[in-house]
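Have a look at the structure below before the remarks.
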């Protein structure tokens with residue numbers, strides 16, 4: 023483990039203490055969890071962006087051409 027000192031606005035610190043208390047966890051655990059969730063979301067966004075940059079309109083059109091042109095299953099059609 024490592025130590026990180028943060029300067030937080032009073033309102034954020036207050037709300038973090040209230041939420042952590044309500045959840046039965048420490049403010050440190052709340053902050054670590056929140057930071058881990060944010061980092062995971064940013065990593066997912068980076069991954070999706072990288073995948074999008076590799077996309078090919080021609081390959082997409084070719085894949086769509088393989089889908090049969092049949093009516094939608096009952097109850098599954100667009101309004």
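In my numbering, the protein residues as written are 23 to 101. We treat Cβ as the ideally placed atom computed from N, Cα and C, and that holds for glycine.
Could you tell me the boundaries of the alpha helix (DSSP H) in which residue i lies?
i	result
residue 97	No alpha helix (DSSP H) holds residue 97; DSSP gives it neither H nor E.
residue 28	Taken as a continuous stretch (DSSP letters only), residue 28 belongs to no alpha helix (DSSP H), as it is neither H nor E.
At a cut-off of 6 Å, is residue i close to the ligand GTP when judged by its beta-carbon and the heavy atoms of the ligand?
i	result
residue 99	Because no ligand of any kind appears in the structure shown, any question about the ligand GTP cannot be addressed here.
Is it a yes or a no for the region 77 to 88 touching the region 49 to 66, going by three-plus beta-carbon pairs under 8 Å? no
Every unbroken alpha helix (DSSP H) inside the region 48 to 90 [4 residues or more]: 49 to 75, 79 to 87
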